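Participant:
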Amino acid sequence: MPSLLNPPQGCRFAARCKYAMDVCTQAIPPLKEVAPGHRVACVL
Ligand code: SF4
Numbered sequence: 005m006p007s008l009l010n011p012p013q014g015c016r017f018a019a020r021c022k023y024a025m026d027v028c029t030q031a032i033p034p035l036k037e038v039a040p041g042h043r044v045a046c047v048l
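For the sequence shown, this note's numbering assigns the number 5 to the initial residue and increments by one for each residue that follows.
(1) Does the beta carbon of MET25 fall short of 7 angstroms from some heavy atom of the ligand FMN?
(2) Flag LEU48 as yes if its beta-carbon sits less than 8 angstroms from any beta-carbon of chain B, otherwise no.
(3) For the beta strand (DSSP E) that contains ARG16, what are its first and last residues?
(4) Between PRO33 and the rest of its own chain, which residues show a CB-CB distance below 7 angstroms, the 5 nearest in sequence each way excluded?
(5) For the ligand SF4, I want to know if ALA18 counts as a neighbour, meaning its beta carbon is within less than 7 angstroms of at least one of the ligand's heavy atoms.
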């Protein structure tokens, strides 16, 4: 698990995500609403 005091750039899950791509470490993905009241922050 990455440091919470000094988190890595980009998605906080990138080091543990089997779907991680280069873009995941470049910027935090924006939140998108996928269902009423349910938002996700993932490039997928
Ligand atoms: S943005 Fe999505 S695909 Fe990329 S590392 Fe994070 S959870 Fe995984």
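Ideal placement from N, C-alpha and C gives every residue a C-beta, glycine not left out. This structure is a prediction, so every number in the text was calculated from the model and none was measured.
Facilitator: The answer reads as follows:
(1) With respect to the ligand FMN, the structure shown offers nothing to examine, as its ligands consist of the ligand SF4.
(2) Going by chain labels, chain B is absent from the structure shown, which holds only one protein chain.
(3) Segment: none, ARG16 is in no beta strand (DSSP E) and carries neither H nor E.
(4) CYS15, ALA45, CYS46, VAL47
(5) yes
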